[in-house]
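So the sequence shown is residues 1 to 73, counted in full-length UniProt numbering.
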Amino acid sequence: MSSNTAKSGRTVDLHKGLDFIVDGGARIADPSTVVDMTGSYPTIIRQGKGAKLDWMVTGTDQEAQSTYSRKAA
């Protein structure tokens, strides 16, 4: 998925259905990870520069979903 800022500096749609976006201003560094916390488990919307941690889940990451479910229980 692309960055959330267009070349014009306007914020562009990252994910339909978001209620709000926290805008930290212009960034020169690599983009951060965006995590959807609205479901049963956290889901990575955009993987940033940092390493994927065991609680981070991509949409089809069944092993990580199982790990998160066990830790949450």
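Ideal Cβ placement from N, Cα and C applies to all residues, glycine included.
DSSP, reduced to helix, strand and coil, places Asp36 within a strand of the structure shown. Taking all protein chains shown into account, Thr43 has 16 or more neighbouring C-beta atoms within 10 Å of its C-beta and is therefore buried. Note on geometry: alpha-carbon atoms of Ser40 and Phe20 lie some 20 angstroms from one another.
Bounds of any beta strand (DSSP E) do not take in Ile28, whose DSSP letter is neither H nor E.
With contacts defined as CB atoms closer than 7 angstroms, Pro31 and Gly17 fail to qualify as a contacting pair.
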